[in-house]
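A.B. asks:
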Amino acid sequence: MPWVAIFTQSCFATVADIPGIFGPVPVISPSPAGDISKYLKSRPSDFVHPGIWHTHEDLERIRNGVLEDKDPWASTYAVFSKDSYSLATYEMKGPKPVISRGSVSNYTSFASDARAAWQNALMWYITKDDAHWNRSTSILDSWGSIPVDIIGTDRSLLIGLDGDLFVNAAEIMRWEGNWTESRARWQGGSGFSIQLYWLFSSQSIPIGQANYGMASIKALLSFAVYLDDVTLYNYAINEYLNNPCAGLYSFFEPETGQSSESGRDQSHAMSGLGWVAQAARVAQSQGSDLYSQGDNLLLKGAEYPIDCCKTPKNGWSIKAPTFIPHFNRYKAKHHLPLCFFTYYHYQNHHFNQCYDVF
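Going letter by letter, the sequence shown gives residues 1 to 358 in the numbering used here.
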């Protein structure tokens, strides 16, 4: 198999006053993914915008579906628009100078505001109501300038989950809403992009284990797209495919699709699945197909826990103390959106019909 090596250049991004965060990634082992060069970026102009969870075509499909009263968009919007985080009257909980997730936590204010920024960004695109534009961008500018540190044992999860929502809101408002970051200057500034480099990206570089690490990988891909950061993007792609614990081929057993989180509990197994799918979604927005890697390994990873939850309590012949507990196996309904997200892609892009496990 070909060897993987990624070489970096300092400041190979569109924010000019930030030095390169990474040194060269050394060659460690053969890549199970084969030659990954087709997934990598060469220059900032290679990036597609908006291009994280939502492309322009995606946003147009949502908006037109709502305006034309077509399902599933219309019925989903009817619920989504009434959610408290979708309201232009949402009251911001922050910002705070220090955000923490760990033994001492105060991150719920950021989590709530990030969600409101993203949902109001979508509401603005669908309705073109300036009130939603103002709500989303005011949250982005406030949290993009006040915080000075992110701390706590679980700060990688904070950044990987809530930070990802945050940057998705920014991507929509910048490229579709003509939002300009507060304090942004062509020489570099102290606004949103700087926060993504110094407080978010830099603390996500050490990739953790299993789904903990995948949360960082998916967020790094999102940050890199927003920043047009070639080095950061290529680093995250390499980690997605080749990280020995959190990468795709380590996260799912290649033959069965069993997650490395399966012996823990269903919530972690299912959330990890969703994060792998979100990372693949970012790559898809950028024109790359990670879904087909490993003979559609991500699809196997989705089928495994759902099939497990559909079987009778005593329907498995393998007995092991670390197997998903019976009481936990029937909570899958709370995680079905993660599976639908994955199923939708394969149903519409790879196969005429997926296995009937959903």
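C-beta: ideal position from N, C-alpha, C; glycine also.
(1) Excluding the five sequence neighbours on either side, which residues of its own chain have a C-beta within less than 6 Å of the C-beta of Asp154, listed in chain order?
(2) For Asp35, which three-state DSSP category applies?
(3) So Ala215 and Leu161 are supposed to be a Cβ contact under 8 Å. How far apart are they, rounded?
(4) With a 10 Å radius around its C-beta and 16 neighbouring C-beta atoms as the bar for buried, classify Tyr344 as buried or exposed.
(5) Measuring straight from C-alpha to C-alpha, what distance separates Tyr291 and Lys70?
(6) What are the boundary residues of the alpha helix (DSSP H) that Ile139 is part of?
(7) Tell me whether Phe192 sits in a helix, a strand or coil according to DSSP, three-state version.
(8) Are the beta-carbon atoms belonging to Val282 and Trp53 less than 9 Å from one another?
(9) Pick out whichever of Ala111, Lys300, Ala246, Phe200 has its Cα sitting closest to the Cα of Val148.
(10) If you scan the region 150-189 from start to end, which runs of the alpha helix (DSSP H) of 4 or more residues do you find wholly inside it?
(11) Quick one: residues in its chain with C-beta nearer than 6 Å to the C-beta of Ile21, no 5 flanking neighbours on either side, listed in chain order?
(12) Within this structure, are the beta carbons of Tyr240 and Ile217 separated by less than 9 Å?
(13) Determine the burial state of Thr89: buried for a count of at least 16 other Cβ atoms within 10 Å of its Cβ, exposed for fewer.
(14) Since Val230 is in the alpha helix (DSSP H), which residue starts that stretch and which ends it?
(15) Checking 9 Å against the spacing of the C-beta atoms, do Ser45 and Asp228 come in under that value?
(16) Just tell me which of Trp124, Ala117, Leu157, Ile159 has its CA closest to the CA of Ile139.
(17) With a cut-off of 8 Å, do at least 3 Cβ pairs link the region 160-177 to the region 53-66?
(18) What ranges does the beta strand (DSSP E) occupy inside the region 75-104, keeping only unbroken runs of at least 3 residues that lie completely in it?
(19) Among the residues of its own chain, which have a CB less than 6 Å from the CB of Thr322, if the five just before and after it don't count?
(20) Put Phe47 into one of helix, strand or coil per three-state DSSP.
(21) Pull up the distance between the alpha-carbon of Asp289 and that of Gly51, whole angstroms please.
(22) From His49 to Pro244, what distance separates their C-alpha atoms?
(23) Is the beta carbon of Phe341 less than 9 Å from the beta carbon of Gly301?
(24) What does the alpha-carbon distance come out to for the pair Ile126 and Val66?
(25) Could you check the C-alpha separation between Leu232 and Ile207 for me, to the nearest Å?
(26) Quick one: what does DSSP say Ser42 is sitting in, helix, strand or coil?
(27) Work out the CA separation of Asn348 and Ser204 for me, nearest whole Å.
(28) Using a threshold of 9 Å, state whether the C-beta atoms of Ala210 and Glu261 are closer than that.
(29) Would you call the CB atoms of Gly272 and Ser259 closer than 9 Å?
(30) Look at the Cβ atom of Phe192, then the Cβ atom of Asp141, and state whether they are nearer than 9 Å.
(31) Under three-state DSSP, which class holds Ser250?
C.D. replies: For this structure:
(1) Excluding the 5 residues flanking it on each side, Asp154 has same chain C-beta neighbours closer than 6 Å at Arg101, Gly102, in chain order.
(2) Coil, per DSSP.
(3) For a cut-off of 8 Å, the C-beta gap from Ala215 to Leu161 is around 6 Å, short enough to register as a contact.
(4) Exposed, since its Cβ has fewer than 16 Cβ neighbours within 10 Å.
(5) Spanning the two alpha carbons is a distance of roughly 28 Å.
(6) Counted as a single uninterrupted DSSP element, the alpha helix (DSSP H) harbouring Ile139 occupies residues 130-143.
(7) In the three-state scheme derived from DSSP, where H, G and I count as helix and E and B as strand, Phe192 is classed as helix.
(8) Against a cut-off of 9 Å, the Cβ pair of Trp53 and Val282 comes out as a contact.
(9) With respect to the C-alpha of Val148, the residue from Ala111, Lys300, Ala246, Phe200 having the closest C-alpha is Phe200.
(10) Within the region 150-189, the alpha helix (DSSP H) runs of at least 4 residues that lie entirely inside it are, in chain order, 155-158, 164-175.
(11) Residue placement at Ile21 is flagged as unreliable, the pLDDT there being 45, under the threshold of 50; a coordinate-derived value is accordingly withheld.
(12) Cβ atoms of Tyr240 and Ile217: closer than 9 Å.
(13) Exposed.
(14) Val230 -> alpha helix (DSSP H) spans 230-242.
(15) Closer than 9 Å, so yes.
(16) Selected option, being the one with the closest Cα: Ala117.
(17) Three or more Cβ pairs drawn from the region 160-177 and the region 53-66 lie within less than 8 Å of each other, which places the two stretches in contact.
(18) Fully enclosed beta strand (DSSP E) runs of no fewer than 3 residues occupy 98-100 of the region 75-104, in order along the chain.
(19) The predicted position of Thr322 is uncertain, since its pLDDT is 49 and thus under 50; no value can be drawn from it.
(20) Assigned with DSSP and collapsed to three states, Phe47 falls in coil, not helix or strand.
(21) Straight-line spacing of the CA atoms in Asp289 and Gly51 works out to 14 Å.
(22) For His49 and Pro244, the distance between alpha carbons rounds to 31 Å.
(23) A distance of 9 Å or more separates the beta carbons of Phe341 and Gly301.
(24) Ile126 and Val66: Cα-Cα distance of roughly 8 Å.
(25) Each residue's alpha carbon lies about 13 Å from the other.
(26) It is coil, neither helix nor strand.
(27) Roughly 32 Å separates the two Cα atoms.
(28) Contact: yes.
(29) Yes, they are a contact pair.
(30) The answer is yes: Cβ separation under 9 Å.
(31) Helix at Ser250.
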